[in-house]
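4 protein chains.
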Amino acid sequence: MTDSRYPKSFASDNHAGTHPAVLDAISAANVGDAPAYGDDRWTSDFAGRIRAEFGAAATGLAVLNGTGANMLGLGAMLTRRYDAVVCADTAHIATHETGATERVLGVKLVTVPTADGKLSPDDVTARLGGRGNISEVQPRVLSISQVTELGTCYSPDEIAALARTAHDNDMLLHMDGARLANAAAFLGCSLRDLTTDAGVDVLSFGATKNGALAGEAVVMLRPELAEPGRFLRRQTLQLASKMRFVSAQLTALLTDGLWRRNAAHANAMARRLADGIDDLPDLRIRWPVESNAVFASLPAPAISELQDRYLFHVWDPAAGVVRWMTAFDTSAEDVDRFVADIRGMLKD
Amino acid sequence: MTDSRYPKSFASDNHAGTHPAVLDAISAANVGDAPAYGDDRWTSDFAGRIRAEFGAAATGLAVLNGTGANMLGLGAMLTRRYDAVVCADTAHIATHETGATERVLGVKLVTVPTADGKLSPDDVTARLGGRGNISEVQPRVLSISQVTELGTCYSPDEIAALARTAHDNDMLLHMDGARLANAAAFLGCSLRDLTTDAGVDVLSFGATKNGALAGEAVVMLRPELAEPGRFLRRQTLQLASKMRFVSAQLTALLTDGLWRRNAAHANAMARRLADGIDDLPDLRIRWPVESNAVFASLPAPAISELQDRYLFHVWDPAAGVVRWMTAFDTSAEDVDRFVADIRGMLKD
Amino acid sequence: MTDSRYPKSFASDNHAGTHPAVLDAISAANVGDAPAYGDDRWTSDFAGRIRAEFGAAATGLAVLNGTGANMLGLGAMLTRRYDAVVCADTAHIATHETGATERVLGVKLVTVPTADGKLSPDDVTARLGGRGNISEVQPRVLSISQVTELGTCYSPDEIAALARTAHDNDMLLHMDGARLANAAAFLGCSLRDLTTDAGVDVLSFGATKNGALAGEAVVMLRPELAEPGRFLRRQTLQLASKMRFVSAQLTALLTDGLWRRNAAHANAMARRLADGIDDLPDLRIRWPVESNAVFASLPAPAISELQDRYLFHVWDPAAGVVRWMTAFDTSAEDVDRFVADIRGMLKD
Amino acid sequence: MTDSRYPKSFASDNHAGTHPAVLDAISAANVGDAPAYGDDRWTSDFAGRIRAEFGAAATGLAVLNGTGANMLGLGAMLTRRYDAVVCADTAHIATHETGATERVLGVKLVTVPTADGKLSPDDVTARLGGRGNISEVQPRVLSISQVTELGTCYSPDEIAALARTAHDNDMLLHMDGARLANAAAFLGCSLRDLTTDAGVDVLSFGATKNGALAGEAVVMLRPELAEPGRFLRRQTLQLASKMRFVSAQLTALLTDGLWRRNAAHANAMARRLADGIDDLPDLRIRWPVESNAVFASLPAPAISELQDRYLFHVWDPAAGVVRWMTAFDTSAEDVDRFVADIRGMLKD
């Protein structure tokens with residue numbers, strides 16, 4: 001294997017490596033034998049950190065990846081065979097999980113078009129016309145993404161309003177928080193403000209994009225879901241045998257606010273990128289930059305030329321929209337060089 | 001968190017930590033950005049190692065855990081909705097995966113009682129009486145465990161005979177090789193001897209129990225299963241975004257025969273344990289020690305007393321059978337002390 | 001039980017009773033013992049009628065209801081676990097089968113908004129952007145409804161164009177023909193013109209709405225789907241033990257063109273209804289009347305008053321759209337009285 | 001179609017035709033329009049008959065076939081994704097439903113070998129060793145067949161003991177009563193004695209084998225299962241649109257004890273058959289004749305010769321066991337001729 005590095009990527013925060021403190025925590029856990037499947041002290045420690053962040057009633061279940069976290073969490077809430085999930089049509093569970101919700105859970109997603117990836121209470125109630133009709137699935141869970149797939153954030157009040165709507169309609173609120181850390185950093189609030197205190201019932205709490213090697217947490221904010229969650233972690237293929245090494249990663253990020261520093265830095269780099277280009281006449285920022293993503297439309301030849309030098313995704317080929325993401329390890333120099341290249345290209 | 005270590009465990013090879021070379025490989029892969037989801041050079045390298053071990057037509061898919069590996073591999077083979085799997089009634093997929101085969105794949109397991117965890121060609125053909133009967137599921141896959149859940153091994157000839165039986169009956173051969181390395185070390189043959197050359201179609205190749213942190217491989221030995229496997233890896237929740245860190249672990253074990261040294265050592269420790277106790281009149285070794293497990297029956301009070309000092313599982317409470325396992329990091333001193341304690345106890 | 005009859009219904013063609021010839025055929029089949037599960041001469045006769053209508057390669061499988069027919073047919077085509085179905089967002093499989101596609105088959109529906117319930121080739125190709133992307137489901141079946149849920153019909157050429165688009169893109173064409181008879185009667189063509197000769201691969205052929213008591217047929221137009229279909233009929237809970245009584249119903253409708261006479265009559269009654277009201281200024285026919293359904297918008301008070309006297313469904317409460325359906329046994333007098341009532345009401 | 005009849009069948013009670021009273025009831029329901037999907041007076045009448053037989057808290061749901069009845073009933077009870085069903089290894093759900101439990105419900109069957117098709121409380125408690133173990137499915141339903149697949153019956157006391165065992169262990173009791181009528185007739189007790197009063201929670205109540213054309217009932221004996229049952233009837237493909245014709249059949253059998261007369265006659269014919277042959281030295285009745293089935297072992301050449309003249313199934317080819325069944329329309333002459341032929345054959 002050669003030593004040559006890949007060029008700087010603006011494709012995804014999962015192109016980043018592992019934060020050194022996470023690697024250190026893994027090494028520190030590598031001390032002889034320990035019970036498997038979570039009966040170890042690193043996992044106890046992780047569970048305590050989850051309670052510290054989300055409240056004494058919260059149960060943290062360490063899992064292996066984000067799709068797994070979503071399936072476990074949704075699966076625990078969806079107990080009637082005709083339950084359905086309402087979500088934005090841009091939701092990761094609807095678009096990029098290879099049909100796991102339908103295949104692994106057997107559940108229909110009722111998808112809602114949105115302007116910016118965010119759902120409103122009216123979006124939800126408008127999908128409840130079939131309540132009680134035996135020919136129609138029955139919405140049981142409202143799933144929102146925080147940060148959304150378009151880089152936007154729900155405020156605590158917006159989440160609370162959705163939770164009320166859900167609970168008033170015999171539904172539960174699920175949050176796909178693959179980038180919850182970024183939202184908390186952007187909004188300047190605690191994890192708890194955006195979840196427990198806003199009425200969220202089940203959370204997928206992302207860690208990999210925040211600096212972990214491979215690990216996420218499902219946080220059950222309703223105590224009765226803890227036990228089903230433990231069984232489902234095994235069944236949905238999310239149970240690590242040497243779980244201490246997953247728990248240790250999560251604990252590292254939850255210690256001394258590392259998760260917030262990582263997220264705040266990534267957000268700042270996206271802000272720096274957006275600020276560096278938003279005056280360009282041929283480029284348009286498409287959604288408010290509220291996390292570590294910048295969505296921009298620009299001419300196709302410029303996109304193509306940029307892709308020769310940088311890794312990033314074209315989000316909507318027809319509309320010429322690209323997605324640029326930053327991560328905990330993106331440097332100001334990385335961003336400035338990228339800005340300079342974009343500006344140089346669009347000047348031509 | 002205290003620094004105190006857990007006592008030596010004979011409960012499972014997944015109570016062991018991570019081999020240092022594996023941790024080093026993870027650290028070495030932590031060099032800036034890299035493409036996600038497997039489009040990286042560590043994953044290419046891993047794929048090459050798989051071809052080197054299993055032949056040029058083999059496709060290696062890195063996954064997150066053993067149950068995931070089994071579901072992905074079986075799922076790729078089971079395309080008709082009435083396909084079934086024939087396996088031993090002790091098979092891990094039948095007993096310890098919380099019904100994932102039935103729930104995640106929707107597939108019935110046709111389980112066969114065995115004397116020692118091993119199936120014979122006759123065991124298979126005896127389950128084919130319903131061929132073509134539309135009221136019965138149709139066996140499509142024969143799944144065997146190598147090493148079996150009882151610590152025994154199939155010889156290459158035995159595997160080849162099962163493969164012939166399967167193929168002659170419109171079936172494919174799946175191997176749950178969570179401990180394939182231990183079998184190869186015990187039998188003194190190559191991984192290929194036990195798989196590709198014996199007619200195996202799909203393999204779950206275990207790494208975690210062999211010294212990895214968290215990672216396994218599905219090896220598709222039929223080229224047409226490679227593409228379905230890639231889709232299923234995502235759908236069965238086994239796709240790591242920062243896959244380089246999984247691939248690097250697997251490559252470390254596949255480099256310079258580390259997998260074999262780890263397995264051979266674990267096997268030797270089990271042998272040493274068995275040799276140290278098999279003369280005891282109150283203790284009986286239940287199945288041939290052909291890997292890193294020793295199954296023994298002994299009086300209930302002795303079991304209970306031993307469990308105060310060591311971690312291990314009671315396999316069959318009614319029959320007084322326990323399972324003792326060794327790992328790549330079990331030392332001769334660990335074993336000798338354990339032997340001495342057992343001997344001391346059974347002398348009373 | 002009282003003898004009083006229900007008022008005339010314009011709610012659905014399944015509010016009609018059973019055609020007398022169908023009841024006669026059931027009685028005629030009630031002659032002592034006969035083999036179960038389809039090994040009887042009534043079922044052979046039915047299979048022959050299907051071949052006569054759809055071609056020598058067609059296999060007819062008698063089933064119990066329409067949702068069952070759809071699940072059996074789709075299930076036989078969808079063999080890869082990441083296969084998806086493209087359909088109109090008004091499709092019965094998407095809206096009124098209580099999530100059976102997702103739950104029973106584990107399959108995602110990719111739904112497409114339409115103006116009139118009909119899909120175009122461009123609607124299909126626009127959903128193929130994720131071909132080969134392992135994070136996305138892969139469209140494998142295009143499912144169209146003939147007659148559509150909005151009462152409109154595809155021409156043979158339109159179906160052929162969709163079939164070409166499907167086949168050119170590694171997809172199969174499924175037709176939910178719950179009212180195929182009505183389409184054939186409206187278009188003045190044979191069943192074969194609209195299916196076999198247009199490139200349809202699997203058909204749900206409706207009989208209950210055409211005058212049967214309870215029975216539909218799945219018609220496999222690809223020979224390799226016949227055997228999977230037989231197994232799936234049992235597994236999808238569609239196998240009648242005393243199948244002769246289902247087959248006899250289907251044969252009765254397929255004899256001497258009874259299906260066409262029933263459908264043509266129902267269509268004529270819908271035409272008569274539409275012709276009787278389409279000059280009313282406060283009423284608007286919403287979609288072309290191409291079968292036995294009339295969709296109309298009219299003022300809410302008129303809807304409400306009409307519902308006191310007649311059974312029918314409000315299709316879209318917000319838009320004030322109702323659906324009126326006729327059946328094989330709707331009489332001209334029934335229609336004329338209904339027309340007079342509507343006219344009287346809207347005059348006020 | 002020729003008019004020639006099939007020879008008398010002893011293969012299954014579903015080789016019989018439809019009882020004339022059932023056909024009459026269907027014809028009587030064919031009076032113009034009626035609401036679909038069960039909102040009709042024939043269905044109300046049926047629901048009342050179910051309450052009369054099973055108690056005021058019982059909800060009857062008319063369905064289309066026996067496998068459908070089982071899947072609907074089990075599906076309503078199995079709400080946790082890791083719930084399992086304990087049943088005899090001869091249970092119809094385990095052997096002859098093409099894996100519907102696993103595929104349609106996603107549920108593992110924990111099968112128990114038995115001497116005579118009947119489970120005991122100890123059989124159940126012996127399968128509860130994995131309670132609380134997250135790697136194992138959790139038994140939630142005990143499913144018994146009454147009459148069993150081997151023609152034997154549970155007494156009311158035996159059922160009550162199983163219900164207590166189930167309820168004491170957080171399980172529910174399901175009864176596959178495809179031939180419940182035959183059991184009630186044999187035991188001389190009411191339907192209620194064997195179900196509601198014995199602690200059964202959900203019942204599949206067979207009608208087709210008792211003289212219906214095509215129809216069964218799921219009887220929910222726990223009120224909270226009624227609503228889920230209604231949704232699941234649609235989703236499990238068991239909802240007839242013209243439901244009056246299914247309800248009318250069931251009502252006919254539930255009127256004036258027709259179900260009991262039909263069952264008692266079939267039982268008497270099996271008794272007559274057994275009495276006519278049980279002195280034959282080369283023939284052995286294998287299980288007590290407690291319903292309308294006679295299982296006998298006899299020499300292979302005699303089986304083969306008999307099959308030239310009569311339809312019946314070889315139950316166990318290796319053991320030379322055949323199953324002979326009688327039905328509501330089997331005549332004493334049919335039986336006597338059959339007995340004479342058997343005796344003639346075994347004399348040679």
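Chains as they are written, first to last, in the working numbering: chain P, 1 to 348; chain U, 1 to 348; chain R, 1 to 348; chain D, 1 to 348. For every residue, glycine included, the Cβ atom is placed at its ideal position computed from N, Cα and C.
Contact list for residue i against chain D, beta-carbon separation under 9 angstroms
| i | result |
| --- | --- |
| residue 75/P | 81 |
| residue 326/R | Under the 9 angstroms cutoff, chain D gives no residues; its nearest Cβ is about 11 angstroms from residue 326/R. |
Within chain R, the residues that residue i reaches when beta carbons sit closer than 7 angstroms
| i | result |
| --- | --- |
| residue 99/D | 235 |
| residue 30/D | 17, 18, 23 |
Selection from the options that minimises the alpha carbon distance to residue i
| i | options | result |
| --- | --- | --- |
| residue 242/U | 13/P, 44/P, 124/P | 13/P |
| residue 36/R | 149/D, 311/D, 341/D | 311/D |
| residue 249/U | 43/U, 275/U, 32/U, 33/U | 43/U |
| residue 319/R | 309/R, 296/R, 327/R | 296/R |
| residue 59/U | 205/U, 276/U, 113/U, 151/U | 205/U |
| residue 162/P | 126/P, 190/P, 179/P, 200/P | 200/P |
| residue 132/U | 294/R, 227/R, 6/R, 31/R | 227/R |
| residue 192/P | 280/P, 111/P, 56/P | 56/P |
| residue 224/U | 172/U, 188/U, 301/U, 189/U | 172/U |
| residue 254/D | 281/D, 208/D, 231/D | 208/D |
beta-carbon residue i near the ligand PLP non-hydrogen atom, thresh 6 angstroms
| i | result |
| --- | --- |
| residue 293/P | Although the ligand PLP was asked about, the structure shown includes no ligands whatsoever. |
7 angstroms Cβ cut-off: residues of chain D touching residue i
| i | result |
| --- | --- |
| residue 108/U | 99, 102 |
8 angstroms Cβ cut-off: residues of chain P touching residue i
| i | result |
| --- | --- |
| residue 232/D | 81, 82 |
| residue 341/U | Correct list: empty, because the minimum Cβ distance to chain P is about 16 angstroms. |
| residue 291/U | The premise fails here: residue 291/U is roughly 17 angstroms from chain P at the closest Cβ pair, so nothing lies under 8 angstroms. |
Proximal residues of chain U, C-beta to C-beta of residue i below 8 angstroms
| i | result |
| --- | --- |
| residue 96/D | 135, 136 |
Chain-ordered chain P contacts of residue i [CB-CB under 7 angstroms]
| i | result |
| --- | --- |
| residue 228/D | 80 |
Contact set between residue i and chain U, taken where Cβ atoms lie within less than 7 angstroms
| i | result |
| --- | --- |
| residue 71/P | 237 |
Listed by chain order, chain R residues near residue i by CB distance under 9 angstroms
| i | result |
| --- | --- |
| residue 310/D | Correct list: empty, because the minimum Cβ distance to chain R is about 10 angstroms. |
Listed by chain order, chain C residues near residue i by CB distance under 7 angstroms
| i | result |
| --- | --- |
| residue 176/R | Absent here is chain C; the protein component of the structure consists of chains P, U, R and D. |
8 angstroms Cβ cut-off: residues of chain R touching residue i
| i | result |
| --- | --- |
| residue 35/D | 6, 9, 11, 15, 311 |
Partners in chain D for residue i, counting only beta-carbon separations shorter than 8 angstroms
| i | result |
| --- | --- |
| residue 59/R | The premise fails here: residue 59/R is roughly 18 angstroms from chain D at the closest Cβ pair, so nothing lies under 8 angstroms. |
Taking 8 angstroms as the threshold, find out whether the segment 83-93 of chain D comes into contact with the segment 132-148 of chain D through three or more Cβ pairs. yes
Using a Cβ distance threshold of 8 angstroms, determine whether the segment 170-186 of chain D contacts the segment 322-341 of chain R, with at least three qualifying pairs required. no
Can you give, in chain order, each stretch of the beta strand (DSSP E) that sits fully within the segment 277-336 of chain P and has at least 3 residues? 293-297, 313-316, 321-325
If you measure beta-carbon to beta-carbon, which residues of the segment 124-148 of chain D are closer than 7 angstroms to chain U? 134, 135, 136, 137
Should the segment 93-112 of chain U be called in touch with the segment 90-104 of chain D, which here means at least 3 C-beta pairs below 8 angstroms? yes
List, from N- to C-terminal side, the beta strand (DSSP E) runs of 3 residues or more that fit wholly inside the segment 38-94 of chain P. Within the segment 38-94 of chain P, the complete beta strand (DSSP E) runs of at least 3 residues are 59-63, 83-88.
Using a Cβ-Cβ cutoff of 8 angstroms, what residues of the segment 244-265 of chain P are near chain U? List them in chain order. 245, 246
Do the segment 210-229 of chain P and the segment 282-293 of chain P touch if we need at least three Cβ pairs shorter than 8 angstroms? no
Segment contact flag, the segment 149-168 of chain D with the segment 111-125 of chain D, C-beta cutoff 8 angstroms, min 3 pairs: yes
Could you tell me which uninterrupted alpha helix (DSSP H) segments, each at least 4 residues in length, are contained entirely in the segment 95-162 of chain P, listed from first to last along the chain? 121-125
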